[in-house]
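S.K.: Line order of the protein sequences matches chains X and E.
Residues in the first sequence are numbered consecutively from 44, following our numbering.
Residues in the second sequence are numbered consecutively from 90, following our numbering.
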Amino acid sequence: MTDWTAGEGMAPRHSPIRLGRAGRPSLASRALHRDSPLRRIDYVLAVAVLVLCVLGTTLVYYATKNKELAIGADPRYFLKRNVLNIGIGLGLAVISAFIDYRALRAYAPIVYIVSVIGLMAVLVIGVTINGAHSWIRLPGGFEQQPSEYAKVALVIGSAMILSERRDGERAPRSSDVLLVLGFAAIPLGLIMLQPDFGTTMVFVFTILGMLAVSGVSSKWVAGLVAAGVLAGTLILTTGVLAPYQKARLTSFTQGDTKATTQVARTTLYNVNQAKTAIGNGGLTGQGLGHGTQTNSGFVPEQQTDFIFTTAGEELGFVGSALLVLLLGTILWRGLRIAQRAEDMFGVVLAAGIVTWFAFQMFVNIGMTLGIMPVTGLPLPFISYGGSSMMANMMAIGLLQNVNLRTRTTP
Amino acid sequence: MNDSSLRRLFVLRALVIGLVLTLLGRLWFLQVVSGNSYASAATSNTTRVVIDPATRGWILDDEGVPLVDNVSAYVVSIDRTVIQKQKDDGRAELALLAPLVSSGGKKLTAQDLADKIRLCDYVKIKPPRDVCWKGSPYQPVPVAEFASASTDQQQATALAVITAHAVDFPGVSVQLKAVRDYPATDDGVLPNTKLAAQALGYTGPITQDTIDKAKQKGDPLYADLPGDATIGQDGLEYYYDRMLRGQNGNRTVQVNAQGDVQGTVSTTAPRNGDHLVLNLDGKVQRAAEEALLKARTVYAPQAFQTATKGTDPNPQTGAAVVMTIDGRVLALANAPSYDPSVFLDGISQHDFDQFRAAGDSSPLLDRAATGEYAPGSTWKVVTGSALLSNGLVTQGTYKPCPPQFTVGNQIFKNFESESSPDVTLSGALIESCDTFFYPFGYDQWLADGQYGQSKTGKSPGAKEVFPKMARSFGFGKGTGIDLPGESPGLIVDRAERAAIWQANKKDYCAGAKSGKHPAGSYLQKLDQENCTDGWRYGAGDLTQFTIGQGSNILVTPLQLARAYVALANGGTLYQPTLAKAFVRPDGTVDKTIQPTVTGKVPVSGDNLAYIRQALYGVTHDDHGTAKGVFGDYPIRVAGKTGTAETQTFNDAGQEVDHSTSWFASFAPADDPKYVVVVAVPKSNQGALVAAPAVRDIYNAIFGVKDGHLVPHTGAFNGSDSRPKLLPCFRSDGRIQKPERGCSKADTIAPQAPLQPAPSAVLESPSAGTGTALGSVLDEPALPPDRRGTGSGRWAS
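1. Just checking: is the beta-carbon of T353 (chain E) within a distance shorter than 7 angstroms of some beta-carbon in chain X?
2. May I ask you to list the residues that DSSP assigns as paired with D141 (chain E)?
3. Buried or exposed for Q287 (chain E), please, with buried defined as at least 16 other CB atoms from any protein chain shown within 10 angstroms of its CB.
4. Taking the alpha carbon of N773 (chain E) as the point to measure from, which residue in E:V263, E:T413, E:A389, E:S123 has its own alpha carbon closest?
5. Express the C-alpha separation of V644 (chain E) and G629 (chain E) in angstroms, rounding to a whole number.
6. Using 7 angstroms as the threshold, is the C-beta distance between Y663 (chain E) and V686 (chain E) below it?
7. Please report the straight-line C-alpha distance between R360 (chain E) and V672 (chain E), rounded to a whole angstrom.
8. How many Å lie between F494 (chain E) and I636 (chain E) at the Cα?
9. Can you list the residues of chain X that S123 (chain E) reaches, using a CB-CB cut of under 9 angstroms?
10. Could you pull the DSSP bridge partners for R269 (chain E) from this structure?
11. Which same chain residues end up closer than 6 angstroms to E585 (chain E) when comparing Cβ atoms and leaving out the 5 residues on each side of it in sequence?
12. Is the stretch 718-726 of chain E in contact with the stretch 481-494 of chain E, if contact means three or more CB pairs nearer than 8 angstroms?
13. By DSSP, does S355 (chain E) sit in helix, in strand, or in coil?
14. Using 7 angstroms as the limit for Cβ to Cβ distance, is Q322 (chain E) near chain X?
15. Measuring straight from C-alpha to C-alpha, what distance separates Y427 (chain X) and T335 (chain X)?
16. Quick check on E385 (chain X): buried or exposed, where buried means 16 or more other Cβ atoms within 10 Å of its Cβ?
17. Hey, quick one: how far does the beta strand (DSSP E) through L704 (chain E) stretch, first residue to last?
18. Measuring alpha carbon to alpha carbon, tell me which of X:V157, X:Y155, X:W178 ends up nearest L166 (chain X).
19. Of all the residues that make up the stretch 210-228 of chain X, which are near chain E by a beta-carbon distance shorter than 9 angstroms?
20. Starting from G321 (chain E), follow its DSSP beta bridges and name the residues at the other end.
21. How big is the Cα-Cα spacing for E734 (chain E) and T749 (chain E)?
22. CB-CB under 7 angstroms to A434 (chain X), same chain, minus the five flanking residues each way: which ones, in chain order?
23. Once DSSP output is grouped into helix, strand and coil, what is the label at W147 (chain E)?
24. By the DSSP assignment, the alpha helix (DSSP H) with L612 (chain E) in it spans what residues?
25. Determine the closest residue to F805 (chain E) out of E:H797, E:L814, E:C817, E:F791, with distance taken between C-alpha atoms.
26. Rounded to whole angstroms, what's the CA-CA distance from Q444 (chain X) to Q173 (chain E)? Just pull it up for me.
27. Starting from Q382 (chain X), find everything on chain E with Cβ-Cβ shorter than 7 angstroms and list it in chain order.
28. Distance, Cα to Cα, V137 (chain X) vs G130 (chain X)?
29. Quick test of your reading: V783 (chain E) and V764 (chain E), contact by CB under 8 angstroms. State the CB separation rounded to the nearest angstrom.
30. Distance, Cα to Cα, S451 (chain E) vs P425 (chain E)?
31. Helix, strand or coil for Q329 (chain X) per DSSP?
32. A856 (chain E) to P259 (chain E), Cα distance in whole Å?
33. In chain X, which residues lie with their C-beta within 8 angstroms of the C-beta of V105 (chain E)?
34. Is Q374 (chain E) close to chain X? Criterion is C-beta to C-beta, closer than 7 angstroms.
35. Is the number of C-beta pairs between the stretch 87-106 of chain X and the stretch 347-355 of chain X that are closer than 8 angstroms three or more?
36. If I measure Cβ to Cβ from V373 (chain E) and keep anything under 8 angstroms in the same chain, skipping five residues before and after, which residues do I get?
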């Protein structure tokens, strides 16, 4: 199971290292050496991500083609940008994968501070899109969303704190837990100020997942879950959230008749359009470019938050289930990497990334299926969006990085 | 890694599997289990049905002269979805548009426009602001119109402004549409007359109420109509609505989320309505309407001066019916009348109620078919038939004609208390001797068992020959004319009397007791009597019945005309029929309509001939009541006068007498072709008001000028019979008089009436109306004769 991906038939599994003419291992043989990083890459994970990227790019193209044509713009605009994002993201993934493990720990505080500065900058010079003050506009039409990078900083930083243990300790101490909470509290608070409820929840669940897997006592886990429920209730019942946010979050539990506010009605309308588009796909879909709901622009934010509706309508159950399974593959490989990681840092890091992706995937797709509230969370590797793509790619790189440090033989 | 970490990783894995399975399950449910319903939701989401209205058929008289046709008008419509997307809900745009447009000749304000496009569902409608849009929210709402033939410079400029500056008027479209038109006729007597208004009826937008009721009844006539459909609301427009209306076409268009039309999915072409050719003749109709006017304004005031009878110098109302002896209705005239085009612009409920509340003088009433009056002496024809058929008299039996006849303590006087020597039935008809008939009524009452009748109306052995004969002549129920809402009239026999009493005794008895009327007043006593004895069929009732008076008898002018048709044609009872044929827009005949025979009166031909001869005596014998009018008339007219006395109560509760003036006739007397009946309520004697009016109508039918016959001036150009052929609808849009058969070349016409592509505008209802408008206005002008949907001009 471990290395069938590593180019079968090219080299026998335990063959001795062949020497080159100069008596030194050739480049090819070094690459194929059983300790070579290339042989330790999780290719299943890599392939799943690449297939998702191709699928995502296709969907982004078909979701935007007509709208762009209608305004006289280049119908491939989003396609090109998405490919560019993927290219940059792959580069970041490679860097994240091969950077020295220890260096990563050393750089963690820097990553953290940079992202906090980014989040503060957003509050000062950011732009508002869809009610959330989350973007920094850079020259050249690029918009950056620091909260996406903050997710990366969070998993690295928390994993670092939770894996720093003194000899004999089997679990993080309570002081470590508090340190992690304090560490997370600063970016979390800044994100809540934007306000970006979806990302906040990603943070909360990711920290919870990492704490749990790091082995903190069950009391902490239970206590944090209870605190989370309490906080969630307070957020929904008090004036912390803007009314529109509250309406968006709660509208999916209401029937059409109960939706009293304009926002709730709009949200319900959006969700109904999303469900209609997905349901319209049927078993095998309308075919790429043939989704009437997609082409007619009934679904809002279709290349970003509601991208899954395009998959649902044009690719049908077959295509959208494949998409879900591909995402599931990432989670499966991530958990596998966590389980096999050599040290606690790797375990916690991988678990954090899995929790992050799992939460984001479930909330995003669940929202289009009408079983989760509407929040502005992108679907990893599928939704159009540079920052999200970069952060996701970095996370995949980190997973590979952990995998590279793992001995191949179990 | 410690155990708890492993355990929790395992939990995390289980959670992840759970989440993935949840998503897959939900996907399966949405896409595979309920995919079909979402697919249909998606279809309705992305398509809209736009109605292409069929052009309503014309209504023409028997010679092809249009009584109702269509003219084209530029109709300004507003797409509410576009208007409401604007920041100020389009208020600025409406304010810009308002000064340019008008509707029904009235200037519009921005508020008027806003009212017109609001949806009825969402507003509480209160007069006077009771205007709202009942139709589909996606159908552009027509708010104003420009007559296409208008030479009004101001209008032309306004139209140009709207169309040239389409960018300033998003969502506003201008379409060429067919609008109902009532060509006026004018010969100086009745200026600018719109003929036969009550018979034609009017059209108007369908109401939700109508749709709901049709759906409840499963009536396909209205149930599947769009909310903005125009339907016939009354008269022929109502009765033949389906044929006239045709079948709307529709286009299913694909729209995006903004409602912009992306393309057409399917198209069903409209099938335009049939033209309705009537038996009714415009010239006879005009003569009838003018005769009614003259009766009310000339003959009645004259009679008031000269005669002792009558309290009303200025009658308000009147009705005239002209029929052929085979049941075709040549004229159905009513006074007062009105111009049906007042309904074109969608009369508001408030105005409509006022129109209707005019009561006695309401012009909407089709008195000829719905007005119920006592027939007076015209009724003696029916009584005479009963007498002869039942052997109560023979053609030679003489009976006295005293000044009065007493039944118990009731005295029934002869007209003006006159008397004459003994007369036969013929003589009694000629002189209109009431006292000749009274004893037969009284004797029959005795023979039928006097009061010997139960409260439930059971009266074994009673023959009731007079009510029975009345029913045989078609009285007491509707004639079946092709009009909505005709009245059944009233023929009360013993059973009917008991039934009426059962239905009303509560009211009678309440009126007798309470302070509804002053104690001891006539009305109070009347209620008292009705309360206890109303079920009794009184001797006086039947006695009066024989001369067409009293509370047991009411007829409509149309019923009387039908009875006289039977008398004139030898006893065949017809269903009076206005429609002659339906002609398709291309000129081919869809359907011809023959009057239906509904029965035969149980009177021998010999006896009918005897009565006809007597009626000729009425107009020619020295004692004849109408000799003064018809004695020297060049056409041999036979008829019967009637002066029905009725009572009303004034505000003080006092009785006021009125006379309904009747004349019922046929001509020529020896070979009857036409029956003419005129009734003028609250006027004077039959011979003084109705009879001269009938003469005026015959003048027009036969062509009598100043007492001399000038045949070619007659309604049918000297031929004494109405046209047998249908008018020809020629391919150039003209209609030819039915003198000769239509040649094939005449009738093979392109699909007229035309519909100048409303699609050109609808194609892009929201995205810039500029080009769309241009395409409509640039449409090549229609040939002059067919401009619009054709006020087809009569060709020869």
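Yeah, the Cβ is synthetic: ideal placement off N, Cα and C, and Gly gets one too.
M.R.: If we stick to the structure as given:
1. Chain X contact via Cβ: absent.
2. E:G338
3. buried
4. In this structure, E:A389 is the residue among E:V263, E:T413, E:A389, E:S123 with its C-alpha nearest to the C-alpha of N773 (chain E).
5. 19 angstroms
6. Their beta carbons are under 7 angstroms apart, which means Y663 (chain E) touches V686 (chain E) by this criterion.
7. When rounded, the distance between both Cα atoms is 13 angstroms.
8. 13 angstroms
9. G322
10. E:N159
11. Closer than 6 angstroms at the Cβ level, and outside the excluded window around E585 (chain E), lies no residue.
12. no
13. It is a strand residue.
14. no
15. Each residue's alpha carbon lies about 21 angstroms from the other.
16. exposed
17. No beta strand (DSSP E) contains L704 (chain E), which is instead part of the alpha helix (DSSP H) from 694-709.
18. X:W178
19. R213, A214
20. E:T292
21. 6 angstroms
22. E191, Y192, K194, V195
23. coil
24. 611-622
25. E:F791
26. First, the amino acid is wrong: residue 444 (chain X) is Asn here, not Gln. Their Cα atoms are separated by approximately 57 angstroms.
27. L98
28. V137 (chain X) and G130 (chain X) have their C-alpha atoms spaced approximately 11 angstroms apart.
29. Actually they do not touch by this definition, with Cβ atoms about 10 angstroms apart.
30. 7 angstroms
31. In the displayed model, Q329 (chain X) falls within coil according to three-state DSSP, outside both helix and strand.
32. Confidence in A856 (chain E) is poor, its pLDDT being 31 and thus under 50, which makes the residue's placement unreliable; the coordinate value appears in the next sentence. Their Cα atoms are separated by approximately 7 angstroms.
33. G371, L374, W375, L378, V397, A401
34. no
35. yes
36. V411, L419, A420, I786, A789, I790, A804
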